[in-house]
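Chains as they are written, first to last, in this note's numbering: chain B, 1 to 271; chain S, 272 to 542.
Just so it is clear, CB atoms sit at the ideal spot from N, CA and C, and this is done for glycine as well.
Shown next, in structure tokens, is the structure this report addresses.
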């Protein structure tokens with residue numbers, strides 16, 4: 001999916017919601033566990049319930065790999081099931097030497113047919129560049145994550161800026177806003193504003209709203225650009241809203257709540 | 272496998288060789304491609320030919336994921352086939368928020384039964400700590416990699432030291448030399464010596480010997496500790512030594528060449 005197509009979907013659906021598909025059998029409603037492929041059946045119900053309210057889905061590969069071959073099969077089926085008008089981010093946080101990153105790119109862009117993959121920057125340019133060889137595919141580079149450990153390295157000072165800003169500055173030389181997004185955690189608004197000034201036209205994938213304490217309004221106030229430029233992710237708050245036969249309806253209600261708030265903020269861009 | 276067991280294997284086999292199992296169908300001998308599971312059959316032949324000459328195997332997960340579900344199945348079969356006296360490193364370069372890292376740990380330690388997993392440090396402590404909850408399992412943390420891009424972030428100055436040294440210093444507070452190794456590229460000997468002084472009892476996993484320009488003798492001179500403390504990896508130089516029916520024999524010859532040189536250096540530790 002191209003940047004223009006993504007922006008158009010945000011306008012049509014009045015939403016910049018990304019739903020995280022992180023399957024965990026221990027959190028599934030009991031009746032789902034009796035089906036032949038519980039992970040896919042769960043995701044299918046969540047997708048059916050939320051596809052008109054979100055513009056992106058983000059399966060985190062860890063939760064599929066934990067179930068081995070069966071998990072990997074469920075991931076393939078899930079990605080194939082997601083409607084074509086939704087942006088698909090494989091949240092894999094990969095990154096390796098050139099030759100190996102190319103294999104990951106093949107795995108996620110060709111075999112799995114995701115639009116984007118999250119990439120960890122630690123190994124530098126040649127670990128990221130191979131992902132750019134695939135047309136209309138995206139790198140979503142970790143810049144400032146929303147977890148506590150972000151302070152350990154991302155926040156360290158490099159001269160008069162911090163490591164996360166150095167990552168964003170370097171990466172804007174490797175790719176463009178047509179094939180690169182940054183992960184920017186919702187928890188620190190001043191950093192969101194700082195990164196927006198460094199990467200004005202770029203999309204940010206924002207985790208950490210809700211459960212981890214970030215506010216949707218503040219993320220929009222400090223992080224939006226003229227195209228919106230945000231994908232705000234929510235995983236557990238939506239997909240595990242209720243652990244019974246009505247789980248998909250409960251997920252839809254939570255997604256609708258977020259989409260309604262998002263529509264309100266998006267109106268500002270039109271004015 | 273415990274640290275003591277690994278040290279014992281190094282003494283018994285007079286080797287600190289780790290063989291990288293990075294399957295690439297385009298580099299396989301043609302007759303292998305006709306078999307039902309070419310990746311597993313290739314690995315099986317390589318393992319049979321090299322298991323007495325190396326102490327560890329390191330499948331890089333990218334090369335399996337590139338083949339989707341079939342690749343993942345071949346990875347499971349390969350890990351099950353590796354003899355119990357060999358240390359198994361899943362070279363996955365994972366790392367995510369706590370909850371998610373725990374899923375990766377489950378995937379690689381329980382489902383796949385690897386001894387160790389490579390982890391990228393960018394997300395900090397809570398992305399690494401969940402891997403320590405599994406007894407006799409190991410974190411192999413990226414410190415200084417052997418690729419060109421290492422200069423982009425790993426080499427940046429944080430006060431009077433560099434980021435890779437900061438990673439090693441912090442990580443020695445998270446784990447111990449009984450459950451933590453560091454990836455230290457073979458290409459810069461002065462940095463190997465510096466990191467050895469920061470993490471004296473720790474094992475280093477060393478890529479970059481041979482193809483990437485590092486010298487085995489220099490790695491040993493600057494990096495060995497009293498227990499050896501090194502696993503030197505070789506992938507392509509061994510497994511793709513020859514592209515015909517004698518590929519396994521050619522792999523064995525290359526592994527023997529490295530093991531013979533290693534035995535020579537290991538004698539110094541005994542004296």
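- In the structure shown, residue 529(S) adopts helical secondary structure according to DSSP, grouped into three states.
- Residue 413(S) belongs to the set of residues whose beta carbon lies under 8 angstroms from a beta carbon in chain B.
- Remark: C-beta atoms of residue 274(S) and residue 449(S) approach each other more closely than 8 angstroms.
- Within 10 angstroms of the beta-carbon of residue 438(S) lie 16 or more other beta-carbons, which makes it buried.
- A straight line joining the alpha-carbon of residue 333(S) with that of residue 87(B) spans about 23 angstroms.
- For residue 13(B), same chain residues with a beta-carbon under 8 angstroms away, outside a window of 5 residues either side, are 52, 53, 54, 55 and 259 in chain order.
- Partner residues in the beta bridge of residue 503(S), as assigned by DSSP, are 288(S) and 477(S).
- Interface flag for residue 111(B) against chain S is set, since a Cβ pair is found closer than 8 angstroms.
- With respect to residue 57(B), residue 82(B) sits close: the two C-beta atoms are nearer than 8 angstroms.
- Among the CB atoms of chain B, none fall inside 8 angstroms of the CB of residue 459(S).
- Here residue 68(B) is not near residue 440(S), since their CB atoms are 8 angstroms or more apart.
- When Cβ-Cβ separations below 8 angstroms define contact, residue 431(S) makes no contact with chain B.
- Bridge partners of residue 328(S) according to DSSP: 290(S) and 359(S).
- Bridge partners of residue 184(B) according to DSSP: 144(B).
- At a C-beta separation below 9 angstroms, residue 438(S) has these neighbours in chain B: 122, 152 and 153.
- The Cβ neighbour count for residue 515(S), taken over all protein chains shown within 10 Å, is under 16; the residue is labelled exposed.
- In the DSSP assignment, residue 78(B) falls within the unbroken alpha helix (DSSP H) covering 68-81.
- Between the alpha carbons of residue 200(B) and residue 218(B) lies a gap of roughly 17 angstroms.
- Excluding its 5 nearest sequence neighbours in each direction, residue 131(B) has C-beta neighbours in its own chain below 6 angstroms: 105 and 139, listed in chain order.
- Look at residue 482(S) here: in three-state DSSP terms it is coil, with no helix or strand label.
- For residue 2(B), no beta strand (DSSP E) run applies, since DSSP gives it neither H nor E.
- With three or more CB-CB distances shorter than 8 angstroms, the stretch 213-232 of chain B counts as touching the stretch 187-205 of chain B.
- Burial state of residue 149(B) is buried, judged by a 10 Å Cβ sphere holding 16 or more other Cβ atoms.
- For residue 393(S), the closest alpha carbon among the candidates 156(B), 22(B) and 129(B) is that of 156(B).
- At least one C-beta of chain S is nearer than 8 angstroms to the C-beta of residue 65(B).
- Measuring C-alpha to C-alpha distances from residue 89(B) to each of 115(B), 181(B), 257(B) and 98(B) identifies 115(B) as the nearest.
- By the rule that beta-carbons nearer than 8 angstroms mark a contact, residue 368(S) touches chain B.
- Put simply, the CB of residue 76(B) is near chain S, with a gap under 8 angstroms to one of its CB atoms.
- Sixteen is the threshold: when 16 or more other Cβ atoms of the shown chains lie within 10 Å of the Cβ of residue 418(S), as they do, the residue is buried.
- Residue environment analysis places residue 191(B) among the buried positions, since at least 16 neighbouring C-beta atoms fall within 10 angstroms of its C-beta.
- Contact check for residue 235(B) against residue 22(B) passes: the beta carbons are separated by less than 8 angstroms.
- Take residue 136(B), set aside five residues on each side of it, and the residues of its chain with a beta-carbon closer than 7 angstroms to its own are 1 and 2, in chain order.
- Where residue 118(B) is concerned, the enclosing beta strand (DSSP E) starts and stops at 116-119.
- Any Cβ of chain B closer than 8 angstroms to the Cβ of residue 386(S) would place that residue at the interface, and such an atom is absent.
- Interface residue (Cβ-Cβ distance to chain B less than 8 angstroms): residue 398(S) is classified as such.
- Residues of chain B whose Cβ lies closer than 9 angstroms to the Cβ of residue 451(S) do not exist, since the nearest Cβ in that chain is about 15 angstroms away.
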